[in-house]
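J.:
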Amino acid sequence: MRGHPLIYFDNAATTQKPRAVIEALHSYYEHDNANVHRGLHELSSRATEAYESSRQRVANYLGAVSADEIVFTRGTTESINLVAQAWGGKFLRAGDVVLLTEMEHHSNLVPWQLLAERIGARLRFVPVRDDGTLALEQLEQLLTPEVKLFAFTHVSNSLGTINPVAELCRKARAVGALTLVDAAQSAGHLSVDVQELGCDFLAFSGHKMCGPTGIGALYGRAEILNALPPWHGGGEMIVSVTLEKSSFKKAPHRFEAGTPNIAGAIGLAAAIDYIEQIGRPAIFEHDARLTSYAIERFAELPGTRILGPGVDPTLRTAKRLQEERGAIVGFVMKAAHPHDLTTFADRRGLALRGGHHCNQPLMRRFGLPGTTRASFYFYNTTEEIDRMIEILREAARFFG
Ligand SMILES: Cc1ncc(COP(=O)(O)O)c(C=O)c1O
């Protein structure tokens with residue numbers, strides 16, 4: 005890359021794709037391509053079988069009770085919009101509250117703003133502490149019976165914070181609120197079991213976990229999904245149609261109008277197979293090792309501050325760091341704006357991301373225009389982190 009070996013530290017935006025995933029897409033298009041569900045010919049049966057077994061693969065991966073609890077979507081953003089429109093449109097009333105947190109990605113914020121405006125509902129936010137964790141001591145005041153849904157991220161894409169999902173779901177359930185977990189940054193990195201977590205909805209994107217772009221899923225508890233109206237109308241999702249009226253299939257097909265992303269679902273199943281061969285505990289351990297190493301090495305850089313938990317060396321233990329922080333290191337360097345730093349790094353083959361990371365309210369909370377972010381995955385190494393530190397030291401001299 006620009007005459008240097010590529011170091012890809014932009015995994016929170018999207019990961020690279022294993023050959024097995026690319027080959028699964030290739031093989032589907034070359035040997036089995038047809039539309040699903042509608043055809044009575046061999047190719048269509050094969051495509052349908054592959055598409056529906058991918059759904060089962062996702063269900064197993066998330067610990068869902070049944071494949072009927074998995075709706076294929078374009079990704080996290082579309083999954084959250086589905087819940088906001090289908091569930092919110094039917095069950096939310098004026099004055100009801102949706103509880104969010106200050107660390108939400110815009111995709112777990114804007115759909116709720118649109119819904120709240122349309123219905124006259126209110127939004128409330130769990131604040132973020134200076135150390136990048138949620139102010140859980142305020143939860144009791146915030147989680148009142150007016151809260152109908154608590155939607156929050158599992159792992160923050162800017163701070164790296166791992167939120168205590170099971171505890172948050174338990175507390176929400178105690179006041180009768182449903183829960184939606186944004187697993188965009190966790191599904192490919194740590195074990196995510198919807199029954200253990202006790203959530204009602206969970207959203208993730210395939211492309212952040214070795215899969216293709218344009219595919220992801222929404223998990224929804226069966227009785228809740230089946231109580232929701234469709235949100236998009238069209239073919240594939242109906243039982244019968246007259247000129248005036250239609251009746252709809254059960255979940256999940258009622259939410260999948262039109263020709264779905266068949267190849268994407270097949271590629272996602274291949275990505276899941278790949279991840280499970282390595283094992284999520286091993287990936288998580290590797291993440292923790294890289295993150296801990298990066299945090300230690302960053303301490304050598306003058307005028308640099310890392311956001312998020314586990315940074316204070318007096319409080320840091322390997323165990324705490326692993327419990328509290330995913331493989332994301334967002335930082336600010338006094339000497340340079342994140343965009344300049346990212347461009348400087350790019351010239352040396354290092355892919356970082358600079359900006360607000362779709363977290364504008366969170367950046368405002370920390371009084372920053374943005375940060376520079378390094379995010380790791382299982383194919384990254386400590387040697388690459390050494391090289392990053394070298395490049396950043398060079399940048400500090402150059403801009404300073
Ligand atoms: C925490 C979080 N939520 C949601 C999203 C949106 O994911 P997508 O763009 O794949 O829908 C992202 C993407 O960066 C994210 O990091």
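Convert by adding 4 to the 1-based position in the sequence shown; the result is the number in my numbering.
The C-beta atom is built at its ideal place from N, Cα and C for all residues, glycine as well.
1. For the alpha helix (DSSP H) containing SER48, name the first residue and the last one.
2. Measuring CB atoms only, is the region 232-249 touching the region 59-68, in the sense that at least three cross pairs come out at less than 8 Å?
3. Quick check: the Cα distance between ILE276 and SER49, rounded to an integer number of angstroms?
4. Is THR295 near ligand 1 - that is, is its Cβ less than 7 Å away from at least one heavy atom of it?
5. Restricting to runs no shorter than 3 residues, where is the beta strand (DSSP E) found entirely within the region 144-209?
6. So what does DSSP say about THR246, is it helix, strand or coil?
7. Is the closest heavy atom of ligand 1 to the C-beta of GLY136 under 7 Å?
8. Determine whether the beta carbon atoms of LEU113 and GLY92 lie at a separation below 8 Å.
9. Applying the 10 Å Cβ sphere with the 16-neighbour rule, what's the burial state of TYR33?
10. Classify ALA331 as helix, strand or coil using the three-state DSSP reduction.
11. Report the partner residues of ASP14 according to the DSSP bridge assignment.
12. Would you list the one or two residues that DSSP bridges to TYR223?
13. Output yes or no for whether 8 Å exceeds the beta carbon distance between ASN265 and PHE13.
14. What's the call for SER379, buried or exposed, on a 16-neighbour Cβ count within 10 Å?
15. Taking the continuous alpha helix (DSSP H) assigned at THR295, which residues delimit it?
16. Buried or exposed: SER70, going by 16 or more other Cβ atoms within 10 Å of its Cβ?
17. Looking at PRO342: is its Cβ nearer than 8 Å to the Cβ of THR376?
18. May I ask you to report which of helix, strand or coil DSSP gives PHE252?
19. I'd like the list of long-range same chain contacts for PHE205, defined as Cβ closer than 6 Å, with 5 residues on each side in sequence excluded.
20. Within this structure, are the beta carbons of ALA269 and ALA28 separated by less than 8 Å?
21. Roughly how many whole angstroms lie between the Cα atoms of ILE166 and GLU150?
22. Let me make sure I understand the geometry here. Which of TRP235, PHE382, ASP36 has the alpha-carbon closest to that of ILE282?
23. Report yes if the C-beta of ASN112 is less than 7 Å from at least one heavy atom of ligand 1; otherwise report no.
24. Using the DSSP secondary-structure output, state which residues sit across from VAL336 in a beta bridge.
25. Quick check on ALA322: buried or exposed, where buried means 16 or more other Cβ atoms within 10 Å of its Cβ?
26. Thinking just about the alpha-carbon of each residue, which of ARG177, SER160, ASP135 is nearest to the one in LEU153?
27. Can you tell me whether MET5 is buried or exposed? The criterion is at least 16 other CB atoms within 10 Å of its CB, across all chains shown.
28. With which residues is PHE129 paired in a DSSP beta bridge?
29. From the DSSP output, in three-state form, read off ALA355 for me.
30. Report the rounded CA-to-CA distance for PRO313 versus ILE299, giving the unit in angstroms.
31. Would the region 358-375 count as touching the region 184-194 if we require 3 or more Cβ pairs under 8 Å?
32. Does the beta-carbon distance from SER111 to THR77 come in below 8 Å?
33. Does the Cβ of HIS211 lie closer than 7 Å to at least one heavy atom of ligand 1?
34. By the DSSP assignment, the alpha helix (DSSP H) with ARG401 in it spans what residues?
35. Roughly how many angstroms separate the alpha carbons of LYS253 and GLY374, rounded to a whole number?
T.: By the coordinates alone:
1. Within the sequence shown, the letter at position 44 stands for residue 48. First-last of the alpha helix (DSSP H) with SER48: 46-66.
2. no
3. The residue you call residue 276 lines up with position 272 of the sequence shown. The residue you call residue 49 lines up with position 45 of the sequence shown. Each residue's Cα considered, the two are about 23 Å apart.
4. Start at 1 with the first residue of the sequence shown, and residue 295 comes out as number 291. Checking every heavy atom of ligand 1 against the Cβ of THR295, none is found closer than 7 Å.
5. 151-157, 182-186, 205-209
6. The residue you call residue 246 lines up with position 242 of the sequence shown. THR246: coil per DSSP, three-state reduction.
7. Here residue 136 is taken as the residue at index 132 of the sequence shown, counted from 1. The answer is no for GLY136.
8. In the sequence shown, residue 113 corresponds to position 109, counting from 1. In the sequence shown, residue 92 corresponds to position 88, counting from 1. Not closer than 8 Å, so no.
9. Along the sequence shown, read from residue 1 onward, the residue named residue 33 stands at position 29. The residue in question, TYR33, is exposed, as its Cβ has fewer than 16 Cβ neighbours within 10 Å.
10. Translated into positions along the sequence shown, residue 331 becomes position 327. The answer is coil: DSSP assigns ALA331 none of H, G, I, E or B.
11. Residue mapping note: residue 14 aligns to position 10 of the sequence shown, counting from 1. DSSP output for ASP14 lists SER379 as bridge partner(s).
12. Along the sequence shown, one-based indexing puts residue 223 at 219. The partner list for TYR223 (beta bridge, DSSP) reads ILE74, LEU206.
13. Indexing the sequence shown from 1 puts residue 265 at position 261. Indexing the sequence shown from 1 puts residue 13 at position 9. Contact: no.
14. As a working note, residue 379 is residue 375 in the sequence shown. Under this definition SER379 is a buried residue.
15. Translated into the one-based positions of the sequence shown, residue 295 becomes position 291. Note, THR295: alpha helix (DSSP H), 284-302.
16. Position 66 of the sequence shown, counting from 1, holds the residue named residue 70. It counts as exposed.
17. Counted from its first residue, the sequence shown places residue 342 at position 338. Counted from its first residue, the sequence shown places residue 376 at position 372. Contact: yes.
18. Sequence index remark: in the sequence shown, residue 252 carries index 248 (1-based). Here PHE252 sits in strand by DSSP.
19. Counted from its first residue, the sequence shown places residue 205 at position 201. Counting only Cβ-Cβ distances below 6 Å, and skipping sequence neighbours, we find VAL87, LEU184, GLY224.
20. For the purposes of this step, residue 269 is identified with residue 265 of the sequence shown, where counting begins at 1. For the purposes of this step, residue 28 is identified with residue 24 of the sequence shown, where counting begins at 1. Against a cut-off of 8 Å, the Cβ pair of ALA28 and ALA269 comes out as no contact.
21. Counting from 1 along the sequence shown, the entry for residue 166 is found at position 162. Counting from 1 along the sequence shown, the entry for residue 150 is found at position 146. About 26 Å.
22. As a first step, residue 282 must be located in the sequence shown, where it is residue number 278. Comparing Cα positions, the closest option is PHE382.
23. Numbered from its first residue, the sequence shown carries residue 112 at position 108. Yes, Cβ of ASN112 sits closer than 7 Å to a heavy atom of ligand 1.
24. Stepping through the sequence shown from its first residue, residue 336 is reached at position 332. DSSP output for VAL336 lists ARG309 as bridge partner(s).
25. On the sequence shown, residue 322 is found 318 positions in, with the first residue counted as 1. It is exposed - the Cβ of ALA322 has fewer than 16 other Cβ atoms within 10 Å.
26. To locate residue 153, count along the sequence shown from 1; it is residue 149. The residue with the shortest Cα to Cα distance from LEU153 is ARG177.
27. On the sequence shown, residue 5 is found 1 positions in, with the first residue counted as 1. In the assembly as shown, MET5 is an exposed residue. Its beta-carbon has fewer than 16 other beta-carbons within 10 Å.
28. The residue labelled residue 129 in the question sits at position 125 within the sequence shown. Bridge partners of PHE129: LEU104.
29. Translated into positions along the sequence shown, residue 355 becomes position 351. Strand at ALA355.
30. In the sequence shown, the residue the question calls residue 313 occupies position 309. In the sequence shown, the residue the question calls residue 299 occupies position 295. Computed Cα separation, rounded: 11 Å.
31. Judged by Cβ distances under 8 Å, the region 358-375 makes no contact with the region 184-194, as fewer than three pairs qualify.
32. Here residue 111 refers to the residue found at position 107 of the sequence shown. Here residue 77 refers to the residue found at position 73 of the sequence shown. No. Outside cutoff.
33. In the sequence shown, counting from the first residue as 1, residue 211 sits at position 207. Yes.
34. Residue 401 sits at position 397 when you count from the first residue of the sequence shown. Bounds of the alpha helix (DSSP H) holding ARG401 are 386-403.
35. Translated into the one-based positions of the sequence shown, residue 253 becomes position 249. Translated into the one-based positions of the sequence shown, residue 374 becomes position 370. Cα-Cα distance, rounded: 45 Å.
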